[in-house]
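Protein chains in written order, with my numbering: chain A, 206 to 397; chain B, -12 to 67.
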């Protein structure tokens, strides 16, 4: 996200921005953090860390602009730069999956055609959630941002620091992978 | 109605852009009119829509614990 010129706020203004522009997004932030970490305590730490950073760097935020995207960007950076290192968790990435999908242009041509609308509609919530959670974090993130949080591609590009074309292709690949996983779940339950 | 689509891969990309609200109203109308006569694209469209809907309905949303909000506010007050 291009840095806005530094603002100058009084303490009262800072508190006002924090309470009225930042805090209303805390549920979305918590859900995003939980969907990245799969752990309530880790999600709480990540959200707290994000909000403290947001307050510390509040003068980089221009009042009345897109606070939600700004906060999501901080959270995503904290997750990548601090959290994953601190927790020493192996990044939940299926490298083979990533490699195949990042490096091949042909993969988009393989399209799952035999998943039925009715099958998807009859799937249990857990199966859909598991399919999403089984995706590598980069793919999971774009689906969360787009389908669950309703960000535009332009906002996602800013949050993730990637070109808009990469958002488009990553999302397309993520959805192909998700569809494959849903198809596997459907097959394992005996759906056609 | 066409039983096969020679541009299926491209159409899939396009209809995802439409479902994400990333194309103009005119482009959207034009494409939606086209898929009415193309069975594979019509199916893709409905399947993509169903997956998008199922994600919103199925993936649970949690409410942040009030204690976390209180802790954040208290840490900020300490810092001010």
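By construction, the Cβ of each residue, glycine as well, lies at the ideal position given by its N, Cα and C atoms. Computed from a predicted structure; not experimentally measured.
**OP:** May I ask you to report which of helix, strand or coil DSSP gives residue -8 of chain B?
**Re:** Counting from 1 along the second chain, the entry for residue -8 of chain B is found at position 5. In the structure shown, residue -8 of chain B sits in coil (DSSP, three-state: anything other than H, G, I, E or B).
(message) I want to verify the contact list: residues of chain B whose CB lies under 8 angstroms from the CB of residue 232 of chain A, in sequence order.
(response) Within the first chain, the letter at position 27 stands for residue 232 of chain A. Residues of chain B passing the Cβ test: 48, 49, 50, 51.
Output yes if chain B places a C-beta closer than 8 angstroms to the C-beta of residue 377 of chain A; else output no. Counting from one through the first chain, the residue named residue 377 of chain A turns up at place 172. Answer yes: the Cβ-Cβ gap between residue 377 of chain A and chain B drops below 8 angstroms somewhere.
Evaluate residue 249 of chain A with the Cβ neighbour count: other Cβ atoms within 10 Å of its Cβ, from every protein chain shown; 16 or more gives buried, anything less gives exposed.
-> Working through the first chain from its first residue, we reach residue 249 of chain A at position 44. So residue 249 of chain A ends up on the buried side.
Report task. Look at the Cβ atom of residue 372 of chain A, then the Cβ atom of residue 365 of chain A, and state whether they are nearer than 8 angstroms. Result -> Position 167 of the first chain, counting from 1, holds the residue named residue 372 of chain A. Position 160 of the first chain, counting from 1, holds the residue named residue 365 of chain A. Yes; because the gap between Cβ atoms is below 8 angstroms, this pair is in contact.
Residue environment, residue 262 of chain A, which counts as buried when at least 16 other CB atoms sit within 10 Å: Counting from one through the first chain, the residue named residue 262 of chain A turns up at place 57. Looking at its Cβ environment, which holds fewer than 16 other Cβ atoms inside 10 Å, residue 262 of chain A is exposed.
Can you give, in chain order, each stretch of the alpha helix (DSSP H) that sits fully within the region 5 to 61 of chain B and has at least 4 residues?
12 to 22, 26 to 45
Under 9 angstroms by beta carbon: chain B residues contacting residue 330 of chain A:
Taking the first residue of the first chain as position 1, residue 330 of chain A is located at position 125. By Cβ distance, chain B contributes 41, 44, 45, 46, 47.
Original post:
If you compare alpha carbons, which of A:210, A:276, A:384, A:222 is closest to residue 348 of chain A?
Top reply: As a working note, residue 348 of chain A is residue 143 in the first chain. Checked all of A:210, A:276, A:384, A:222; the closest Cα to residue 348 of chain A is A:384.
Would you verify that the beta carbon of residue 1 of chain B is, or is not, closer than 8 angstroms to some beta carbon of chain A? Within the second chain, the letter at position 14 stands for residue 1 of chain B. Cβ-Cβ to chain A under 8 angstroms: no for residue 1 of chain B.
Chain A partners of residue 10 of chain B, CB-CB under 8 angstroms? In the second chain, the residue the question calls residue 10 of chain B occupies position 23. In chain order: nothing, as chain A lies at least about 11 angstroms away.
- In whole angstroms, what separates the C-alpha of residue 227 of chain A from that of residue 236 of chain A? One-based indexing of the first chain puts residue 227 of chain A at position 22. One-based indexing of the first chain puts residue 236 of chain A at position 31. The straight-line gap from Cα to Cα measures roughly 15 angstroms.
Which residues mark the beginning and the end of the alpha helix (DSSP H) in which residue 280 of chain A is found? Position 75 of the first chain, counting from 1, holds the residue named residue 280 of chain A. First-last of the alpha helix (DSSP H) with residue 280 of chain A: 272 to 283.
Original post:
Which of helix, strand or coil does DSSP assign to residue 219 of chain A?
Top reply: The residue labelled residue 219 of chain A in the question sits at position 14 within the first chain. Helix, per DSSP.
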